[in-house]
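Residue numbers (our numbering): 257 to 471. By construction, the Cβ of each residue, glycine as well, lies at the ideal position given by its N, Cα and C atoms. Since this is a predicted model, take the numbers as computed values, not measurements.
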Amino acid sequence: MKQQFWHDCWDNTHIGFHQDELQPLLVEYFPSFLEPNDSRVFVPLCGKTSDLLFFADRFKVIGNELSAVACRDFFQENHLTPQVQETMSFNIYQQGNIELYQGDFFALSAEQFQPFDWIYDRAALIAFPEVMRVEYVQHIKTFIKENTRVFLLTLEFPKDEIKGPPFSISEDEVMRLFDGYKITKKAERDLTGQKFARIKLSVSKLVEKLYIISN
Ligand SMILES: C[S@@+](CC[C@H](N)C(=O)[O-])C[C@H]1O[C@@H](n2cnc3c(N)ncnc32)[C@H](O)[C@@H]1O
């Protein structure tokens, strides 16, 4: 998936993946997984998701997003005025507990941050075709430290029925990608016949799954 594809999506408002409401599985399950000292969350490929605000109530939130349009819209639509710092590889938007690093995820180094308690992946892994998913997970693993847990949401559907993104990711693939890590499937939602965010996917079966992954 070329970066230009995503820039075009944002420039032309082809953002069917964007959810206007908070992610239901996040709201339902995340509070029960929290440990008393959890305070930092990383949201790779964050788009302009409102879930950033959900986290910001309690957490320092670091997001990463390729598109400047997405970052700008996130703050504008939520009536927030960020400070913007330009660095060599990233523009950093900061307001309150939220910092968005606008630029390429693969150029972001885990070493520039204190460890995260959580990594929140909603529509990030499923945004990439198979080969890129391996590269994405390799890079995500560099952010997984001793106490980091990954809140991973996937979609599963008969994969030949549509050309992604989104891409279907089986439980077997999650196991393979995160081989050597603790992986627990915590919940699933049958979305067959319903919308995925703003779009109705032409698939005969659609299930969203929640995994928690840790060292
Ligand atoms: C399917 S969208 C999901 C956005 C968000 N997680 C959400 O739930 O609305 C994938 C996002 O990843 C961003 N993206 C794609 N490639 C990226 C990269 N290499 N680095 C950073 N962001 C990227 C796209 O611009 C897009 O906003």
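- A distance below 6 Å between beta-carbons, with the five flanking residues on each side excluded, links Val-463 to the following residues of its chain, in chain order: Glu-412, Glu-444, Asp-446.
- DSSP links Arg-445 through a beta bridge to Glu-464.
- Phe-289 and Gln-275 have their C-alpha atoms some 23 Å from each other.
- Annotation for Asp-360: Gln-259, Leu-322, Ser-345 place their beta carbon closer than 8 Å to its own, counting only its chain and skipping 5 residues before and after.
- Inclusion of Pro-300 and Ala-379 in the CB contact set at 7 Å is not warranted, their separation being larger than that value.
- In the structure shown, Tyr-349 adopts extended strand secondary structure according to DSSP, grouped into three states.
- Here Ile-382 is buried, its C-beta having at least 16 other C-beta atoms within 10 Å.
- Apart from the 5 residues on each side of it in sequence, Ser-470 sits with its Cβ closer than 6 Å to the Cβ of Arg-405, Lys-438 in its chain, given in chain order.
- For Arg-378, the enclosing beta strand (DSSP E) starts and ends at 374-378.
- Runs of alpha helix (DSSP H) with 4 or more residues, each lying fully within the segment 288-370, are found at 307-312, 324-333, listed in chain order.
- Residue pairing by DSSP places Val-406 opposite Ile-375, Ile-469 in a beta bridge.
- Within the same chain, Asp-307, Arg-378 come within 6 Å of Gln-279 by CB-CB distance, once the 5 residues on both sides are set aside.
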